[in-house]
Structures are given as structure tokens and as C-alpha cells.
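Number of protein chains: 2
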Amino acid sequence: MNDTFLKACRGEEVPYTPIWIMRQAGRYLPEYRAIRGKADFLTMCKTPELAAEVTLQPIDILNVDAAILFSDILIPCEAMGQGLDFHEGKGPLLGPPIRDKETVDKLFVPDPEETMGFVMDTIRLLRKELAGRVPLIGFAGAPLTTATYMIEGGTSKNFLNTKMMIYQNPELYKSFMDKVTATITEYLKAQISAGAQAVQIFDTWGGIFSPADFREHALSYVQTIIKSLKEWMAKERDESVPIIYFVGETAGLLEDIKTSGADVFGVDWRINLDEAIKRLGGDVVVQGNMDPLSTFLPKDKIEERVKKVLAQASSARGHIFNLGHGVVPQTPPDNVIALVEMVHRLSKR
Amino acid sequence: MNDTFLKACRGEEVPYTPIWIMRQAGRYLPEYRAIRGKADFLTMCKTPELAAEVTLQPIDILNVDAAILFSDILIPCEAMGQGLDFHEGKGPLLGPPIRDKETVDKLFVPDPEETMGFVMDTIRLLRKELAGRVPLIGFAGAPLTTATYMIEGGTSKNFLNTKMMIYQNPELYKSFMDKVTATITEYLKAQISAGAQAVQIFDTWGGIFSPADFREHALSYVQTIIKSLKEWMAKERDESVPIIYFVGETAGLLEDIKTSGADVFGVDWRINLDEAIKRLGGDVVVQGNMDPLSTFLPKDKIEERVKKVLAQASSARGHIFNLGHGVVPQTPPDNVIALVEMVHRLSKR
Numbered sequence: 001m002n003d004t005f006l007k008a009c010r011g012e013e014v015p016y017t018p019i020w021i022m023r024q025a026g027r028y029l030p031e032y033r034a035i036r037g038k039a040d041f042l043t044m045c046k047t048p049e050l051a052a053e054v055t056l057q058p059i060d061i062l063n064v065d066a067a068i069l070f071s072d073i074l075i076p077c078e079a080m081g082q083g084l085d086f087h088e089g090k091g092p093l094l095g096p097p098i099r100d101k102e103t104v105d106k107l108f109v110p111d112p113e114e115t116m117g118f119v120m121d122t123i124r125l126l127r128k129e130l131a132g133r134v135p136l137i138g139f140a141g142a143p144l145t146t147a148t149y150m151i152e153g154g155t156s157k158n159f160l161n162t163k164m165m166i167y168q169n170p171e172l173y174k175s176f177m178d179k180v181t182a183t184i185t186e187y188l189k190a191q192i193s194a195g196a197q198a199v200q201i202f203d204t205w206g207g208i209f210s211p212a213d214f215r216e217h218a219l220s221y222v223q224t225i226i227k228s229l230k231e232w233m234a235k236e237r238d239e240s241v242p243i244i245y246f247v248g249e250t251a252g253l254l255e256d257i258k259t260s261g262a263d264v265f266g267v268d269w270r271i272n273l274d275e276a277i278k279r280l281g282g283d284v285v286v287q288g289n290m291d292p293l294s295t296f297l298p299k300d301k302i303e304e305r306v307k308k309v310l311a312q313a314s315s316a317r318g319h320i321f322n323l324g325h326g327v328v329p330q331t332p333p334d335n336v337i338a339l340v341e342m343v344h345r346l347s348k349r
Numbered sequence: 001m002n003d004t005f006l007k008a009c010r011g012e013e014v015p016y017t018p019i020w021i022m023r024q025a026g027r028y029l030p031e032y033r034a035i036r037g038k039a040d041f042l043t044m045c046k047t048p049e050l051a052a053e054v055t056l057q058p059i060d061i062l063n064v065d066a067a068i069l070f071s072d073i074l075i076p077c078e079a080m081g082q083g084l085d086f087h088e089g090k091g092p093l094l095g096p097p098i099r100d101k102e103t104v105d106k107l108f109v110p111d112p113e114e115t116m117g118f119v120m121d122t123i124r125l126l127r128k129e130l131a132g133r134v135p136l137i138g139f140a141g142a143p144l145t146t147a148t149y150m151i152e153g154g155t156s157k158n159f160l161n162t163k164m165m166i167y168q169n170p171e172l173y174k175s176f177m178d179k180v181t182a183t184i185t186e187y188l189k190a191q192i193s194a195g196a197q198a199v200q201i202f203d204t205w206g207g208i209f210s211p212a213d214f215r216e217h218a219l220s221y222v223q224t225i226i227k228s229l230k231e232w233m234a235k236e237r238d239e240s241v242p243i244i245y246f247v248g249e250t251a252g253l254l255e256d257i258k259t260s261g262a263d264v265f266g267v268d269w270r271i272n273l274d275e276a277i278k279r280l281g282g283d284v285v286v287q288g289n290m291d292p293l294s295t296f297l298p299k300d301k302i303e304e305r306v307k308k309v310l311a312q313a314s315s316a317r318g319h320i321f322n323l324g325h326g327v328v329p330q331t332p333p334d335n336v337i338a339l340v341e342m343v344h345r346l347s348k349r
């Protein structure tokens, strides 16, 4: 079994730097598009056989050191009672938007197995099919990031409605976030119970805030989740699974992110990794952080960047190589395959 | 004459912290919308009487310490030969996009008075109408930010085409950027000659890069502009006007931004201002940095934030209060009026 990823998460000695890639099961792969041509995105998420199949594709094609569950961070929003739809080329559409007491009150904290059982079924199927080849990562959106979609109804330019709720109706925001936080906590417990061997909490939109707002309106809820998960794992499980916390636009927030309680900190590409490690306090495990679009470089230039990231990571207790955000659909798959090979070769101890 | 803004730019003693607000002449003001109802956006930019009228509105309404020319950073793109149009609710549309040698070769470095004379006419008119009440700030987009619009054809999610040009055809990008840089240099010289008493270079999209990419593909061109302007001012003008460099998502890039040669550094709200000042090296003049959407807070909470920013700014050589980005159209004007009053009152020496 390749447990390099899990060892690196725990800051243990590894024979080389493990790598996985955010959105590694995605549209840049022709093999993914072949399946996607036969089923829409939500059907793929909700059909364990299809979700498992695309989850496994990059393991064979790229030789990455971890699989990440194919799913979407908006699945729990639907389970909480909000309508969810994906339109080709338009991204996710949630509705009606959560902006007042009435819509917040209608949301509930769902039982994950009852409402999102297809995710846990996918995880159980994957653990069987992976048969220990590489570990399986589960995931969920962080409460703030999840909430922005629920409040805005989809993606947003300046998160006006989210910030208006926070600034003008903080009690409503808090009661809403408490429901989202409870939902995500239970959802991640269910994923771990089903067999997820690590979980990543995606706070893609955490960087929309000033540090003080980030602490109060985003991070505090993540701290609650991580604390609950750790207490639950200590009590109910033989072994704790590592928790990765990824924030987009991390550069101004790293000192705060350190207090999340996560085992691994995801760093985006807008800051040098050595500087990020320093600001996280030094004795940390980091994940990142090449610009996703630098996979469009010629291979010799990609190799230069891999060397640089590996060198910058040397001051951390542990490092998992990744891009600073998801790989984009237009990315040449050959370059991603080459990237994985480079990381393995150049980091060999 | 209120020269508090100019004194602060130079790091001189001021009786209170001056304030102006990015996009202060904008849609959040009913007085602006009244004029905008009669003319489309581009017509307003190109009609000196209208552009001057909306430039002056916030001086009376808000009591800010500087006027900023009403115009758009895409005006030079049109002058270089690319088509420019604004569609209601869709933002700017430039076309056809600049993505190959053919389209780059067709662009020229225009004579600013010949092709953008309406901007200089607006400045001349404004200096007359302002009659020294407050200083007038001119502006241009930084080369990278300007180039992203020209390459993408408008706004963008991940700047794929821009980064593809940079990563796959760096020579083409460089030849394109040399033209953009020359255009903006001449444009800013013309604005200063016409009477702009300070200029701001907007690098809204500078934060899409890793620090190394930012240095090579964005900052180096800004350094060229600032060096040219300073040499030209030293030779041709009695007095140098201050140059402000604003970068969006600055947090990971501050050490580099310091080397731009600018007199004032604009800081967005994603980092605490005291931390930003430290990373800029301490002995600097900064501008910023309240979250534009925090103007939606109740006034007592806005006042708390003003106090915090003023306190954090105390370690700088000089401070100009501003938001971390442009004020949004939905902002309550009353809160912006209150903000200006608070900054003046709370910063009184």
C-alpha cells in the first residue's frame, strides 16, 4: 500500500513527496469527458458507480498518491433543503437564495446517510476498489464557502449578499452558519465512518475577508468542525484521520489559519511556500502550491517550478505537493502526468 | 487650498488623515445616476463637461480630500486600436481579443492628446473648476491589468488566455506589454501635463500571480513606467507629482511591490494594515484599507473599523485613508458621507 500521503499528513518520514491534484478527476481528462458525455454532473455525483469510476481514473492515468472522492461541495446544500441544479457552462445554481429568517428557518440539519447516502456508498465502493492502493480523501466545503453559494445562489463577484447579511444581520448569519456547521460536521463524520482516510475542508472563498472578519465569520466555524471531529475520532475511532484545511487567497490570513486545528494547511500560489511556512509558525505540514495554470508551461519550465516549490517546502515538517487551486479543464493532461513524475523523481530522498 | 492629500503622499505632517474613495464618482450616488440616465458610460467618459461634473460630485457630497478623474482604465485600449464597448450589466467588452502576433502587431502606441484628448480636456476643465479646492488624481491601469482585458476580451475568472500567452509565448507577451507600457507611460505624462496632481496606477489583477510571476510579468513593466515618469518629471517639470501603486490581493506580494518605485502603496483589505506596513519595510506611505463592503455596517461599527485602521496606520510614514477596492453601486451614500466625517474627526492631530 502506498501510504506516503498519509505519512506526510502526519509529518512522518516519507521516501518522496506525495502529490495529488485538486480537481484531478475532472474535465481536462478525455476519460472523464467520455463518462460525462453520458450523464450530467449531478447524476455522476449521485451514482456511486460513476462517481467511483471517475475518482479512480487519475490514479491510473497520473500515478498520484491519493484519490479524492468525486463529488461537489454543494451536495449538502441540497440535503439541507435548498434546490440545486447545474447548468452547462453556467456553474451551480442554488435556489431560492438564503437571505432572510424565513429561508434560514426552513433549512434543516440532515442525516447524512439518509440524504446523501450516495456519497457514503461511493466511499465504500471506492475503498473496496482501491483495495489499499492509495488512500481516499473525503471532503466538504467550509461553512463560509458553502454559505456564500447558498446566500448568493451561485458564484459571486464581490459576495455582496453574504457580507450584507454578516454586516447588517449578524444574528441571522450566525443561526444560518450554525446549521451549516452542524451539517458539515455530521457529513464529514459520515464520510470518515464510510472509509475516508483523510478529509479536506475547502474554504475557497475564505480570502474575501479582512483577517478580523475571517476569524469571526469563517474560521470560528471551521474550528468548531475540527474540534468536533477530533473529539469524535478520539472517542469513536481506533485512529484519527488527517484533516486538511484549504483556504483560497491565504496570504493575509496564515497566522489565523494556523489556529484552525487542522493537521495540514493548504496554501494557494499567491505566496511563496517558504514564506507561508514561516507565517504558519514553521513546525507545520503544508500542501501546495503551484499556480494551476503553470501546467501550461513547457515541461522544462514546469520542472524548474517543481524544484522551486520542493526547495521552499524543505522548511516544513511535512509537504504534500498540489496545485494552489483546482486544475482547469483546458489543461494538457500530458503536462499533469509529467508533473506527477517530476515531483516523485525530484523529491526522492 | 486643501493640500492634506498631497502632503500625506509625500509623508509630510498633516492636520488629519486625508481620505478619498476608489470609485467615489459612481453609481452609488443618486446624483451620478441622474447624469448616467442621460448618457451612456462611454459618452460620459468622452464628454469633458459630463466627466468633470461627476468627478466633482463627491467633493461636495462626501467632503473627500481629493478628486479622481472620472474615466475608465480601458480608454487606452481603444486608443491602441482595439474595439471598446460597454453593455449595461455586462461590463466592458473589448474586441477582437489580442492573442496572437497578428493582433499584437496591429496595435500602436498612440499619441494621447490626439487619441484620448477628451481625458486631458477633462483634466484641464477640472483644474479650472476645482480652483485649488482639492487636488486632482489622474490614473491608468497597470500594464498587466490593462493587458488582461485586452487578451481576455473583458473580465475573466482565471485569466486563462493571459497566462497561456505568458507561459506558452513569452516573447509575444513581452512585445505586447512593451506597447501597453509605452502607451500608459505617455498617457500618464499627458495627464500630468494637463494638470493631474497625483496619479494612481491600478493593478487590480496583479494578485493573480505567484510572487515570481508577478515580478517578471507585471511589476517589471510598472517599474519601467514609474522610472520613466520620474526621469521625465525631474527634467521637464518644476515639481514631481506623487505616484500611487494599487495592487488587488496584495498580501503575498508586498515585499516586491515595495520595489515598484511608487511614492504611495495601495493596500487591499485582505491583510491588516500594520502587517502590510511592516512587510513594505516600515518607512512608507500607504493608502487603504477598509473592506468596501464594510460600508454596509451600522455607523457605530464603521467607526470601530475606522479607529482600527487609523491605529494600524500609525506605524507608517504617511497614510491616506481609502477602501481596499472600489465602492460598490449598492452602498448607502449616507454611510460613505459618515465614513469621511469619521476619518477626519478621529484622525485630528
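In order, the protein sequences belong to chains V and G.
The numbering used here applies: residue 1 is where the first sequence begins, and numbers increase by one.
The numbering used here applies: residue 1 is where the second sequence begins, and numbers increase by one.
Don't be surprised by glycine CBs; every beta carbon is placed ideally from N, CA and C.
- The beta carbon of CYS77 (chain V) is closer than 7 Å to those of LEU84, LEU94, THR146, TYR149 and MET150 in its chain, skipping five residues each way along the sequence.
- Beyond the five residues adjoining it in sequence on each side, GLY141 (chain V) comes within less than 6 Å, by CB distance, of ILE73 and PHE202 in the same chain, given in chain order.
- For MET233 (chain V), DSSP assigns no beta-bridge partner whatsoever.
- For LEU293 (chain G), a Cβ of chain V is located within less than 7 Å of the residue's own Cβ.
- Selection V:PRO112, V:LYS128, V:GLY91 and V:ALA316 evaluated against THR155 (chain V) yields V:GLY91 as nearest (Cα-Cα).
- The beta-carbon distance between TYR245 (chain V) and PHE296 (chain G), rounded to whole angstroms, is 28 Å. This is too long to meet the 8 Å contact definition.
- In this chain, MET22 (chain V) is not harboured by any alpha helix (DSSP H), its DSSP state being neither H nor E.
- DSSP, reduced to helix, strand and coil, places ALA34 (chain V) within a helical segment of the structure shown.
- Remark: C-beta atoms of PHE41 (chain G) and PHE86 (chain G) approach each other more closely than 7 Å.
- Each residue's CA atom was taken as its position, placing TYR16 (chain V) and THR183 (chain V) some 37 Å apart.
- Using a CB distance cut-off of 7 Å, PRO211 (chain V) counts as an interface residue toward chain G.
- Remark: C-beta atoms of VAL247 (chain G) and LEU273 (chain G) do not approach each other more closely than 7 Å.
- Flagged as an interface residue toward chain G: LEU297 (chain V), by a C-beta distance shorter than 7 Å.
- Listed along chain V, the residues sitting closer than 9 Å to GLN330 (chain G) by beta-carbon distance are LEU160 and MET164.
- Straight through space, the alpha carbons of PHE321 (chain V) and GLU113 (chain G) are spaced by roughly 52 Å.
- Annotated three-state conformation of GLY207 (chain V) is helix, per DSSP.
- In this structure, the beta-carbon distance from GLU255 (chain V) to ARG279 (chain V) falls below 7 Å.
- Taking the Cα positions, PHE176 (chain G) is about 15 Å away from ALA79 (chain G).
- For GLY117 (chain V), the enclosing alpha helix (DSSP H) begins and ends at 112-130.
- From the listed residues G:LYS235, G:ASP291, G:GLN57 and G:ARG23, the smallest Cα separation to LEU126 (chain G) is found for G:GLN57.
- In the DSSP assignment, VAL199 (chain V) is bridged to V:GLY138 and V:ILE243.
- Rounded to the nearest whole angstrom, the CA to CA distance from PRO298 (chain V) to PRO97 (chain G) is 23 Å.
- For the pair of segments examined, the segment 218-235 of chain G was found to touch the segment 259-266 of chain G: the number of CB pairs separated by less than 8 Å reaches three.
- Not one beta carbon of chain V lies nearer than 7 Å to the beta carbon of ASN169 (chain G).
- MET342 (chain G) has its alpha-carbon roughly 10 Å from the corresponding atom of GLU304 (chain G).
- If you draw a straight line from the Cα of ILE35 (chain G) to the Cα of GLN82 (chain G), it is about 27 Å long.
- One finds SER210, PRO211, ALA212 and GLY252 in chain V with Cβ atoms closer than 9 Å to the Cβ of ASN272 (chain G), taken in chain order.
- Going by beta carbons, ASP65 (chain V) and ASN2 (chain V) fall inside the 7 Å limit.
- No Cβ of chain V is located within less than 7 Å of the beta carbon of TRP205 (chain G).
- Shown here, VAL264 (chain V) sits in a strand according to DSSP, grouped into three states.
- With a contact defined as Cβ atoms closer than 8 Å, VAL327 (chain V) and GLY26 (chain V) qualify at about 6 Å.
- Taking a C-beta distance under 7 Å as the contact criterion, PRO292 (chain V) and HIS319 (chain V) do not qualify as a contact pair.
- ILE75 (chain V) carries a helical assignment under DSSP once its states are collapsed to helix, strand and coil.
- DSSP places HIS217 (chain G) within a helical segment (H, G or I) once states are collapsed to three.
- In this structure, G:PHE139 is the residue among G:VAL14, G:PHE139, G:LYS189 and G:LEU346 with its C-alpha nearest to the C-alpha of THR204 (chain G).
- Within chain G, no residue has its beta carbon less than 9 Å from that of GLU304 (chain V); the closest one is some 10 Å off.
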